[in-house]
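The numbering of the sequence shown is our numbering, which starts it at 10 and goes up by one. Below: the structure, in structure tokens.
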Amino acid sequence: MKISTKGRYALRMLIDLAEHQNTGYVSLKEISERQGISKKYLEQIIPIFNKTDILRANRGAQGGYYLAIDPSKITVGEILRLTEGPFVPVECVGQSAVKCDRDLDCPTLPVWQGLTKVVNEYLDGITLQDIIDQQRERAINDYSI
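Shown next, in the form of structure tokens:
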């Protein structure tokens, strides 16, 4: 399993929005400059989240994007499933599992089911707020005299 640029950039974009939630709507230009991500690339990612309840958009001079949900309620798993699709290591695991004639006696099926469970539980156990808190903690502990 490899996370694409789209998934990684979407996560960074939403973390940026969470960090700047108190400033109101944030433009893609601002996010682009802070994150070093092309504005055009962000424009391709935004429609994925416009179809969800995660973002609010506002047009105009003071327009931009705003998280509609508290960062402590948005998980990394949710974000990555929206951008990457379901996390399944093989086709025979998951909600849209492809049935094969060996599924009843496949010795490796439990391995793939276990991996799927562990990955999804891990990603669903991390929120945007967790990432922000960890980043702040590292910044506090990163000092020199």
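Each residue gets a CB set at the ideal place from its N, CA and C atoms; glycine is no exception.
**OP:** Pull up the CB-CB distance for Leu91 and Tyr75, whole angstroms please, since I reckon it's below 8 Å.
**Re:** For the purposes of this step, residue 91 is taken as the residue at position 82 of the sequence shown. For the purposes of this step, residue 75 is taken as the residue at position 66 of the sequence shown. That pair is no contact at about 18 Å.
**OP:** List the residues that DSSP assigns as beta-bridge partners of Tyr74.
**Re:** Counting from 1 along the sequence shown, the entry for residue 74 is found at position 65. Beta-bridge pairing links Tyr74 to Val35 and Ala66.
Original post:
With a CB to CB cut of under 7 Å and the five nearest residues on each side skipped, what residues in its chain are close to Asp133?
Top reply: By one-based count along the sequence shown, residue 133 stands at place 124. Closer than 7 Å at Cβ, skipping near neighbours: Thr84 and Gly86.
Subject >> Opening and closing residue of the alpha helix (DSSP H) in which Pro119 lies >> reply: As a first step, residue 119 must be located in the sequence shown, where it is residue number 110. It spans Leu118 to Asp133 - the alpha helix (DSSP H) in which Pro119 sits, taken as one unbroken run.
**OP:** Just the C-alpha distance for Ile57 and Lys126, rounded to the nearest angstrom, thanks.
**Re:** Within the sequence shown, numbered from 1, the residue matching residue 57 stands at position 48. Within the sequence shown, numbered from 1, the residue matching residue 126 stands at position 117. Their Cα atoms are separated by approximately 25 Å.
Original post:
What residue does the alpha helix (DSSP H) around Leu113 start on, and which one ends it?
Top reply: For the purposes of this step, residue 113 is taken as the residue at position 104 of the sequence shown. From DSSP, Leu113 is part of no alpha helix (DSSP H); its letter is neither H nor E.
**OP:** Compute every distance between the C-beta of Gln143 and the non-hydrogen atoms of the ligand ATP, then say whether any falls below 6 Å.
**Re:** The model on display carries no ligand, and the ligand ATP is accordingly not part of it.
**OP:** Find out if the Cβ-Cβ distance for the pair Tyr18, Ile46 is shorter than 7 Å.
**Re:** Reading the sequence shown from its first residue, position 9 is the one you call residue 18. Reading the sequence shown from its first residue, position 37 is the one you call residue 46. Yes, Cβ-Cβ distance for Tyr18 and Ile46 is below 7 Å.
Subject >> Reference Lys49, options Leu37, Cys109 and Leu89, closest by Cα >> reply: By one-based count along the sequence shown, residue 49 stands at place 40. It is Leu37 whose Cα lies nearest to the Cα of Lys49.
Subject >> Sub-7 Å separation of Val120 and Phe96 beta-carbons >> reply: Working through the sequence shown from its first residue, we reach residue 120 at position 111. Working through the sequence shown from its first residue, we reach residue 96 at position 87. Contact: no.
Original post:
alpha helix (DSSP H) containing Lys15: first to last residue?
Top reply: Residue 15 sits at position 6 when you count from the first residue of the sequence shown. Lys15 -> alpha helix (DSSP H) spans Thr14 to Glu28.
Original post:
When the Cα atoms are used, what is the spatial distance from Cys9 to Lys108?
Top reply: With the chain running from 10 to 154 in the structure shown, residue 9 is simply not present.
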